[in-house]
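*Asks:*
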Amino acid sequence: MAANNVTRFLDNRKVPYSVFELPQEKLGGEETARLLNAPPEIIFKSIVILRKGSGKPILAVVPGNQEVNLKKLAKAVGEKKVTPSTQKEAENITKLQVGGISPLALINRGFEIVIHRSVQDFELVHVSGGELGVNIRLASSDLIDLTRAKVADIS
Numbered sequence: 169m170a171a172n173n174v175t176r177f178l179d180n181r182k183v184p185y186s187v188f189e190l191p192q193e194k195l196g197g198e199e200t201a202r203l204l205n206a207p208p209e210i211i212f213k214s215i216v217i218l219r220k221g222s223g224k225p226i227l228a229v230v231p232g233n234q235e236v237n238l239k240k241l242a243k244a245v246g247e248k249k250v251t252p253s254t255q256k257e258a259e260n261i262t263k264l265q266v267g268g269i270s271p272l273a274l275i276n277r278g279f280e281i282v283i284h285r286s287v288q289d290f291e292l293v294h295v296s297g298g299e300l301g302v303n304i305r306l307a308s309s310d311l312i313d314l315t316r317a318k319v320a321d322i323s
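Take the sequence shown: its position 59, counted from the start at 1, is 227 in this note's numbering, and no numbers get skipped.
Rendered as structure tokens:
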């Protein structure tokens, strides 16, 4: 696999990680888990969430077998209400294809990143590698530190 922005970012910071190649299509968390032969609890998916009015977008990162609870997420970010973006909005905001949206690709891009608290239960977790067909496994502590994410119960 050729290097991309996410792998270069991790290499530059000397962060240990593994890359997994998957079919270049939008896959759900459970399907990704099956292909990687890994439990869905460690496969984290990224969902673009919008605030009411203006304000920086939110990237909610949850296990592949769970859904974002919008009320819990709104509370975690100090908002009354938040709404999920459409696929088109997510792609326009992130400049990434849905299925390839990664918290690691959106560092310093104006997102508030919130990761589900279960991330702390696992030494290693998987996230998208910033493009379709690329999956990254890294230490959960590195994911939290690199993204400067808030960790909260958001599902």
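Don't be surprised by glycine CBs; every beta carbon is placed ideally from N, CA and C.
Tell me where the alpha helix (DSSP H) around ILE261 begins and ends.
*Replies:* To locate residue 261, count along the sequence shown from 1; it is residue 93. Counting along the chain, the alpha helix (DSSP H) containing ILE261 begins and ends at 255-262.
*Asks:* By a C-beta neighbour count over all protein chains shown, 10 Å radius and 16 as the cutoff for buried, is VAL263 buried or exposed?
*Replies:* Residue 263 sits at position 95 when you count from the first residue of the sequence shown. Note that residue 263 corresponds to Lys in the displayed sequence, not to Val. Label assigned to LYS263: exposed.
*Asks:* In terms of residues, what are the limits of the beta strand (DSSP E) holding LYS240?
*Replies:* In the sequence shown, residue 240 corresponds to position 72, counting from 1. Element bounds for LYS240: not the beta strand (DSSP E) but the alpha helix (DSSP H), 238-244.
*Asks:* Taking the beta strand (DSSP E) that ARG219 falls in, what are its first and last residues?
*Replies:* As a working note, residue 219 is residue 51 in the sequence shown. Here the beta strand (DSSP E) through ARG219 covers 212-219.
*Asks:* Name the DSSP bridge partner or partners of LEU306?
*Replies:* Indexing the sequence shown from 1 puts residue 306 at position 138. Paired residue(s): TYR185, VAL293.
*Asks:* Taking 9 angstroms as the threshold (beta carbon to beta carbon), is LYS240 in contact with chain C?
*Replies:* The chain inventory of the structure shown lacks chain C, comprising one protein chain alone.
*Asks:* Thinking just about the alpha-carbon of each residue, which of LYS256, VAL287, PRO208, ILE304 is nearest to the one in HIS294?
*Replies:* Residue 294 sits at position 126 when you count from the first residue of the sequence shown. The shortest C-alpha separation from HIS294 is found at ILE304.
*Asks:* Could you work out which residue in VAL230, VAL187, VAL319, VAL250 is closest to GLY297 when comparing CA atoms only?
*Replies:* For the purposes of this step, residue 297 is identified with residue 129 of the sequence shown, where counting begins at 1. The candidate whose alpha carbon is nearest that of GLY297 is VAL187.
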